[in-house]
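Asks: Once you've had a glance at the structure underneath, I'll fire off some questions.
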Amino acid sequence: CKKTSSETSFQFFDNQMQELSIKHLHLDKELRRAIQNQEWELFYQPKMDIATQAVVGVEALIRWRHPSKGLLAPFEFIDFAEQRGLIVAMGEWVIRTACQQLKQWEEMGFMNRKIAVNLSAVQLKQDDFVEKVLAIIAEYQIAPRQLELEVTETTLMNNFQAALTALKRLSSRGIAISIDDFGTGYSSLSYLKNLPVNSLKIDRSFIIDICQDENDQKIVKMLINIAHSMNMTVIAEGVETQSQFHILAEYGCDEIQGYLLSKPVPAEEIVKMFSKGTGKNLTLLAPGEI
Ligand code: C2E
Ligand code: MG
Ligand code: MG
Ligand code: MG
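Below, the structure written as structure tokens:
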């Protein structure tokens, strides 16, 4: 007997759903094992202060050392871990490991560096999140100012009230808060005045064409002015070229992060950059020379 086309498409849909749920079941199982065995690694990407060209801090970025698939990037598992709530245990590991690493760098003589970790909305909604963070910095004797929490606009809007409460408490204890991927989310500027924000990270999408695109130039200039007028510092993400660096320096951006300096690297590589800089010869040009 011949199927109608709608039956065929339903069957096709069913098969796809089944395939998807098997895949999800598998990933769920694998992620739980990964949490159990701590199959995670932190890579670190330097943040450079434009004025002094010193590596003033790093951002910790998670990788999954999968037993058969090798090193996996966050896009392969973060969203799923958030949906399943597994991000809570994973995120706690990230904060703890980052603080432990910072302590180790201090013991090697690299003092006063900042370490940034990325937060998910799910973490911010946990009742005990603030206490956990405070307990971890106390355990590793990290000065609160040295820990920076990166949240995106989307993370904030997911549950603004919960995020606001948690961030205010963290901020009142001296922990730094930065808005990640700034300009790509629900950019209602009104929330900025209510939040305890220390720095804005301008998203890579505004930096990528900044040398050619006049609109990007205007937007970035404006964001730097707004941030500075609200006593926030500005860091540009995804800086890949010398020309982008020069424009950002001219506009008065405070810090840069991006492949121009370094990709995210293991902790050992960062030590070299703390002592010798990034090894890049970034000469600041006069405005007319750009
Ligand atoms: P993000 O926090 O905005 O991190 C910046 C991402 O851009 C990183 O990708 C970094 O490798 C990449 N990047 C840095 N400089 C450049 C550049 O010059 N050019 C280009 N093309 N890319 C650059 P990564 O490591 O794959 O992380 C992606 C995202 O995953 C992060 O975006 C963050 O939202 C999330 N993520 C990473 N680690 C964690 C974590 O521990 N917890 C949570 N909740 N999210 C994390
Ligand atoms: Mg980030
Ligand atoms: Mg970002
Ligand atoms: Mg991002």
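Heads up, full-length UniProt numbering is the position in the sequence shown plus 715, with the first residue counted as 1. Built from N, CA and C at the ideal position, the CB exists for glycine as well. Note that the structure is predicted; figures quoted are calculated from it, not measured.
#1: What residue from Lys936, Trp755, Phe844, Ile894 has the CA that sits closest to Ile793's CA?
#2: Using CA atoms only, rank isn't needed, just tell me which of Ile922, Leu834, Ala853, Asp896 is closest to Leu864.
#3: Can Ile810 and Val848 be called in contact, C-beta distance under 8 Å?
#4: Can you tell me which residues form a DSSP beta bridge with Leu786?
#5: On a CA-only basis, which of Met947, Cys814, Glu952, Ile962 is nearest Lys933? Give me that one, please.
#6: Looking at C-beta atoms only, is the number of pairs between the stretch 820-828 and the stretch 780-791 that lie closer than 8 Å three or more?
#7: Classify Tyr759: buried if its beta carbon has 16 or more other beta carbons within 10 angstroms, exposed otherwise.
#8: In this structure, how does DSSP classify Lys829 when only helix, strand and coil are distinguished?
#9: Under 8 Å by Cβ, that's how I've got Met805 and Ile750 pegged, so tell me the actual separation to the nearest angstrom.
#10: Would you mind working out which of Thr867, Asn909, Leu757 sits nearest Asp896, comparing C-alpha positions?
#11: Counting pairs of Cβ atoms below 8 Å between the stretch 869-878 and the stretch 837-852, do you hit three or more?
#12: Measuring only the C-alpha atoms, how far is Asp729 from Ser736?
#13: Are Ile985 and Pro761 touching if we call contact CB-CB under 8 Å?
#14: Tell me where the beta strand (DSSP E) around Glu756 begins and ends.
#15: For residue 1013 versus Ser893, is the C-beta distance shorter than 8 Å?
#16: Alpha carbon to alpha carbon, how far is Met732 from Phe921? Give it in angstroms, no decimals.
#17: Tell me where the alpha helix (DSSP H) around Thr869 begins and ends.
Replies: So, to answer that:
#1: Trp755
#2: Leu834
#3: yes
#4: Arg780
#5: Ile962
#6: no
#7: buried
#8: strand
#9: 6 Å
#10: Thr867
#11: yes
#12: 10 Å
#13: yes
#14: 755-764
#15: The question about residue 1013 has no answer here: the residues shown for the chain are numbered 716 through 1005.
#16: 37 Å
#17: 868-873
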